[in-house]
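Okay, structure first, notes after.
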Amino acid sequence: MLYENIERLSALPGVSGREEAVRAALLELLDGRCDCQVDALGNLLAFKRGAKKPANRLMLSAHMDEVGLIVTYIEDSGLLRFATVGGIDRRTVVGKTVRIGKTRGVIGTKATHLKSAEERGKAAALDALCIDVGAKTRDEAAALISPGDCAVFDSQYALFGDGFLRGRALDDRVGCALLVELLLSEQLPYDIHIAFTVQEETGTTGAKTAAAQICPDIAIAVETTTACDIPGTPPEKTVCSLKKGPVLSFMDRGTIYDATLYARAMKEAAAAGIACQPKQGVFGGNEARSVQTAGDGARVLAVSVPCRYLHTPSCVANRFDIDETLRLLRLLIDVFGA
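Residue numbers (my numbering): 2 to 339.
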């Protein structure tokens with residue numbers, strides 16, 4: 002079910018602040034398997050009773066939201082102006098198809114031969130881009146779209162190569178699917194709290210609210226992280242590689258992770274024969290930064306699936322890394338719960 006759930010969740014629209022479809026699918030998958038509640042911000046909080054009560058209250062989290070676009074203005078021509086929601090590399094979007102509800106469109110800009118030499122030498126600015134939904138007038142477009150509507154990339158999920166998969170919003174629907182897999186387990190060694198959070202891509206707002214309610218002693222952010230294992234990348238800036246297992250972070254731009262948890266996770270993974278890799282360098286960030294400062298604070302760890310081309314229309318991950326991440330999460334529940 003894990004990969005069926007990744008495919009299903011990847012296909013759903015869930016731009017930050019608009020996570021309703023993802024949350025509804027998760028509630029359907031978890032119906033009758035654990036205790037669930039939705040808070041005022043939109044986080045889905047789940048609790049599953051294990052064989053024993055843990056010595057440390059455990060919280061695992063993954064965010065439901067994805068980066069995307071939000072319509073800001075409709076031109077007289079029927080073209081749509083937009084802003085980004087979360088960090089998107091604008092070099093990757095020109096010519097890509099998007100979905101705004103049931104309406105499809107294409108991101109366009111002026112033709113290359115009409116650009117100045119300076120313009121051709123760099124990525125198009127956001128104010129030079131528009132979404133074309135095939136409307137000829139403002140009224141025609143307004144019958145389909147309103148300012149405030151969100152757009153997601155219209156990318157198709159697919160398997161390819163040796164266990165590779167590609168799709169939109171693998172960040173962090175892969176994490177969500179992994180946590181669903183844990184909650185569907187017949188038996189876990191200890192009670193666990195799971196938070197499927199909102200608005201991670203725009204400031205990790207949901208995680209802070211979730212942690213304030215759960216009050217964990219130890220929290221694990223289940224994420225994806227940038228794999229730069231492609232030609233032209235210096236070894237020290239690779240960050241991580243596909244097919245080498247889950248990534249453990251000692252520090253990123255938002256969090257200094259608990260050194261004891263990090264060392265213990267590395268040691269236990271090695272002892273159990275689980276492939277694992279340290280994050281090479283201080284890059285990126287995730288919702289652990291908000292979890293560790295909520296309420297009385299928590300000790301935090303990040304466990305990430307390496308993923309190429311994050312925050313683009315098509316991300317790429319590998320089944321080996323996802324499978325090993327699930328093994329590691331099961332192990333850490335046992336280790337940190339004791």
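We put the CB at the ideal spot given by N, CA and C, even for glycine.
Pairwise C-alpha distance: residue j and residue i
i       : j       : result
Arg-92  : Ala-126 : 9 Å
Asp-155 : Leu-302 : 33 Å
Ser-242 : Pro-307 : 6 Å
Cys-229 : Asp-140 : 44 Å
Arg-1   : Gln-157 : In this structure the chain extends from 2 to 339, so residue 1 is not present and cannot be described.
Tyr-4   : Ala-178 : 8 Å
Val-94  : Ala-220 : 35 Å
Ser-297 : Cys-216 : Sequence check: residue 297 is Asp here, not Ser. C-alpha separation (whole angstroms): 8 Å.
Val-283 : Asp-90  : 20 Å
Tyr-258 : Ile-7   : 27 Å
Thr-326 : Thr-205 : 22 Å
Ile-231 : Leu-160 : 19 Å
Asn-237 : Lys-280 : Per the sequence presented here, residue 237 reads as Glu, with Asn not at that position. Rounded to whole angstroms, Glu-237 to Lys-280 spans 10 Å at the Cα level.
Lys-245 : Pro-148 : 43 Å
Arg-265 : Glu-29  : 35 Å
Ala-144 : Glu-201 : 31 Å
Thr-234 : Val-240 : 10 Å
Lys-103 : Lys-268 : 48 Å
Lys-74  : Ala-84  : The sequence shown places Tyr at residue 74, not Lys. If I take the Cα positions, the gap works out to 10 Å.
Thr-110 : Ile-334 : 49 Å
His-194 : Gly-168 : 28 Å
Ser-315 : Asn-287 : 20 Å
Val-72  : Val-86  : 10 Å
Ala-124 : Ala-339 : 51 Å
Beta carbon of residue i nearer than 7 Å to that of residue j
i       : j       : result
Asp-36  : Phe-48  : yes
Leu-80  : Cys-131 : yes
Gly-106 : Asp-77  : no
Ser-17  : Thr-227 : no
Lys-209 : Ala-289 : no
Ala-213 : Asn-44  : no
Met-65  : Val-39  : no
Ala-129 : Ala-136 : no
Leu-183 : Arg-34  : no
Asp-173 : Ala-299 : no
Val-199 : Glu-20  : yes
Gly-176 : His-312 : no
Close-in-space but distant-in-sequence residues of the same chain around residue i (CB under 6 Å, 5 per side omitted)
i       : result
Ala-341 : Since the first residue of the chain shown is 2 and the last is 339, residue 341 is not available in this structure.
Arg-50  : Asp-192
Thr-256 : Ala-289, Arg-290
Ile-101 : Ile-146, Asp-150, Ala-152
Rounded Cβ spacing between residue i and residue j (contact assumed at less than 8 Å)
i       : j       : result
Asp-218 : Arg-58  : 5 Å
Pro-190 : Lys-54  : Actually they do not touch by this definition, with Cβ atoms about 11 Å apart.
Pro-247 : Val-292 : The pair is not a contact, with the Cβ atoms about 18 Å apart (cut-off 8 Å).
Leu-13  : Val-223 : That pair is no contact at about 18 Å.
Arg-320 : Leu-166 : 7 Å
Gly-207 : Asp-253 : Wrong, their Cβ atoms sit about 18 Å apart, outside the cutoff.
Ala-196 : Leu-46  : 6 Å
8 Å Cβ shell around residue i - same chain, five flanking residues per side excluded
i       : result
Val-99  : Leu-70, Arg-105, Gly-106, Val-107, Ile-108, Ile-132, Ala-152, Val-153, Phe-154, Asp-155
Gln-188 : Gly-51, Ala-52
Ala-260 : Phe-251
Ala-271 : Cys-277
Leu-262 : Ile-219, Arg-300, Val-301, Leu-302, Phe-337
Thr-225 : Leu-171, Asp-172, Asp-173, Val-175, Gly-176, Ser-305, Val-306, Pro-307, Cys-308, Leu-311, Cys-316, Ala-318
Close-in-space but distant-in-sequence residues of the same chain around residue i (CB under 7 Å, 5 per side omitted)
i       : result
Phe-337 : Asn-57, Leu-59, Ile-219
Ala-273 : Leu-332
Ala-26  : Arg-9, Leu-10, Leu-13
Scan the segment 131-189 and note each continuous beta strand (DSSP E) run of 3 residues or more that stays entirely inside, going in chain order. For the segment 131-189, whole beta strand (DSSP E) runs of length 3 or above, ordered along the chain, are 131-133, 151-154, 159-161, 165-168.
Unbroken stretches of the beta strand (DSSP E), 3 residues or longer, contained in the segment 186-235: 193-198, 219-227
Going along the chain, which unbroken runs of the alpha helix (DSSP H) with 4 or more residues stay wholly within the segment 224-297? 260-272, 289-292
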